[in-house]
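K.L.:
Counting the sequence shown from 1 gives a position; my numbering is that position plus 2. The structure is given below, and queries will be raised subsequently.
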Amino acid sequence: MSALKSPALKSTALKITTRTAFRFALLAAVAAGLPACNAMSRVGDIGSAPELTKIKDPQAQPGYQPVSLPMPTPLPTERNPNSLWRTGAKAFFKDQRANKVGDLLTVDIQINDQAQINNQTTRTRNNSETAGMPNFLGFEGKALQRALPDGVSADSLIDLSSTTSNAGKGAVNRKEQITLKVAALVTQTLPNGNMVIQGRQEVRVNYEVRDLIITGVVRPEDITAQNTISYEKVAEARISYGGRGQITDVQQPRYGQQLFDIIMPF
């Protein structure tokens with residue numbers, strides 16, 4: 003009796019082993035894909051607040067690249083002996099505005115943009131063509147009529163008509179309003195005196211971190227006596243305002259859904 007059941011038991015054990023091996027292979031594949039989507043770090047952060055970025059030298063960052071822009075030939079500075087006035091200064095005393103690497107200045111960001119566009123296009127065209135054969139060498143009588151289908155007269159052999167209608171409508175209604183202030187650090191001084199600035203501000207409220215990043219090029223002449231500058235005077239400005247944390251994670255689609263949206267052709 004045991005001999006008869008032995009092959010069945012071996013087959014069942016083989017199926018279980020194959021199924022278990024398939025599950026382990028599937029788990030291994032999923033685990034291998036976790037680092038690519040940064041899921042392992044998120045799993046490790048469960049139950050704890052997001053970490054703030056450490057303050058580091060921007061020039062020491064791996065992706066840092068010095069700014070290189072077309073520059074005029076620098077002119078020598080004229081000195082005025084026995085004079086309290088200095089060229090480019092706004093006061094007789096020491097200028098407190100940022101003017102060298104490592105100095106700080108405040109960037110005032112007040113964005114209030116609004117755009118509204120409405121476009122509408124309508125195009126219609128009607129075509130009609132009619133052709134007949136009322137007289138064809140005398141054969142338009144019984145001979146030609148016999149060759150035509152029932153109900154078709156030789157006077158109206160061809161009757162064509164076409165209608166084309168296109169209608170398009172588009173609308174844009176956008177409104178953005180951002181009011182922020184952030185302190186920026188002078189990271190580079192260009193040959194013509196302009197300065198490259200970079201500022202970052204992080205605020206953590208409970209389990210959500212808000213990031214504000216600004217980079218660009220400013221002129222010393224545009225810096226006010228209060229050592230502030232408005233954002234519209236920052237050339238090549240890059241302003242980023244976003245966040246990360248539990249609320250941001252919930253608002254984002256899942257990785258599988260994002261991948262499905264990319265590869266799905268329909």
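The beta carbon of each residue, even a glycine, is placed where N, CA and C say it ideally should be. All values derive from a computational prediction rather than experimental measurement.
(1) Please determine, among Glu204, Gln253, Ala186, Pro255, the residue with the shortest C-alpha to C-alpha distance to Asn101.
(2) Using a 10 Å radius around the Cβ and a threshold of 16 neighbouring Cβ atoms, would you call Leu54 buried or exposed?
(3) Using 8 Å as the cut-off, can you tell me whether the region 183 to 199 makes contact with the region 209 to 218, which would need three or more C-beta pairs spanning the two stretches below that distance?
(4) For Cys124, which residues of its own chain have a beta-carbon under 6 Å away from its beta-carbon, when the five flanking residues on both sides are left out?
(5) Measure how close the beta-carbons of Gln291 and Arg176 come, nearest whole angstrom, since I'm counting them as under 8 Å.
(6) Is Val188 helix, strand or coil by DSSP?
(7) Kindly give me the distance between the Cβ atoms of Val69 and Val198, rounded to whole angstroms, as I take these residues to be in contact under 8 Å.
(8) For Gln61, tell me which candidate among Leu71, Pro78, Ser43, Val103 has the shortest Cα-Cα distance.
(9) Using only alpha-carbon positions, find the residue among Ser167, Val109, Ile111 that is nearest to Arg1.
(10) Counting only runs that start and end within the region 204 to 245, where is the beta strand (DSSP E) found for 3 or more residues in a row?
(11) Give the DSSP-derived three-state secondary structure of Leu182 in the structure shown.
(12) Using only CA atoms, which one of Ile113, Gln200, Thr22, Met73 lies nearest to Asp59?
(13) Going by the CB atoms, is the gap between Ile113 and Val174 shorter than 8 Å?
(14) Between which two residues does the alpha helix (DSSP H) carrying Tyr66 extend?
(15) Enumerate, from N- to C-terminal direction, the unbroken beta strand (DSSP E) stretches of 3 or more residues contained entirely within the region 95 to 136.
(16) When burial is assigned at 16 or more other CB atoms within 10 Å of the CB, is Val109 buried or exposed?
(17) Take Gly244 and list the residues in its own chain whose beta-carbon comes closer than 7 Å to its own, dropping the five residues that flank it on each side.
(18) Tell me where the alpha helix (DSSP H) around Thr250 begins and ends.
(19) For Gln248, I'd like the list of residues in its chain whose CB is within less than 7 Å of its CB, leaving aside the five on either flank, ordered along the chain.
(20) Tell me the DSSP secondary structure of Ala38 in three-state form.
(21) For a test of the three-state rule: what should DSSP assign to Gly258, helix, strand or coil?
(22) Cutting at 8 Å between CB atoms, please list the residues of its own chain near Ile106, excluding the five before and the five after it.
(23) Name the residue from Leu261, Gln190, Asp47, Ile111 whose alpha carbon lies nearest to the alpha carbon of Leu71.
(24) Going by the CB atoms, is the gap between Tyr257 and Ile111 shorter than 8 Å?
(25) If you check the beta carbons only, do Pro76 and Pro193 fall under 8 Å apart?
(26) Is the beta carbon of Ala51 less than 8 Å from the beta carbon of Arg202?
P.N.:
Quick answer:
(1) Proximity to Asn101 across Glu204, Gln253, Ala186, Pro255 peaks at Ala186, based on C-alpha coordinates.
(2) Leu54 counts as exposed, since fewer than 16 other beta carbons sit within 10 angstroms of its beta carbon.
(3) The answer is yes - the region 209 to 218 touches the region 183 to 199, with three or more Cβ pairs under 8 Å.
(4) According to the sequence provided, residue 124 is Thr. The question's Cys does not apply to it. Taking C-beta separations shorter than 6 Å and ignoring five residues to either side along the sequence, the partners of Thr124 in its chain run Ala169, following chain order.
(5) Lying outside 3 to 268, the shown extent of the chain, residue 291 is not represented and no answer is given.
(6) Looking at Val188 - three-state DSSP - the assignment turns out to be strand.
(7) Confirmed, about 5 Å.
(8) Looking at the Cα atoms, Val103 is the closest of the given residues.
(9) Because the chain here runs from 3 to 268, residue 1 falls outside it and cannot be looked at.
(10) The qualifying runs are 210 to 220, 230 to 232.
(11) It is a strand residue.
(12) Checked all of Ile113, Gln200, Thr22, Met73; the closest Cα to Asp59 is Gln200.
(13) No.
(14) Following the DSSP letters along the chain, one finds Tyr66 in no alpha helix (DSSP H), marked with neither H nor E.
(15) You should have 106 to 133.
(16) It counts as buried.
(17) Non-local C-beta neighbours of Gly244 in its own chain, meaning closer than 7 Å and more than five positions away in sequence, comprise Asp213, ordered along the chain.
(18) Going by DSSP, Thr250 is part of the alpha helix (DSSP H) stretching over 248 to 253.
(19) Excluding residues within five positions, the ones whose Cβ falls inside 7 Å are Tyr209, Glu210.
(20) Confidence in Ala38 is poor, its pLDDT being 49 and thus under 50, which makes the residue's placement too unreliable to answer from.
(21) DSSP places Gly258 in helix when its eight states are reduced to three.
(22) Residue identity check: residue 106 is Leu in the sequence provided, not Ile. Hits under 8 Å: Ala100, Ala185, Ala186, Leu187, Val188, Asn229.
(23) Nearest of Leu261, Gln190, Asp47, Ile111 to Leu71, Cα basis: Gln190.
(24) No, the Cβ-Cβ distance between Ile111 and Tyr257 is not below 8 Å.
(25) Closer than 8 Å, so yes.
(26) Cβ distance not < 8 Å, so Ala51 and Arg202 don't count as in contact.
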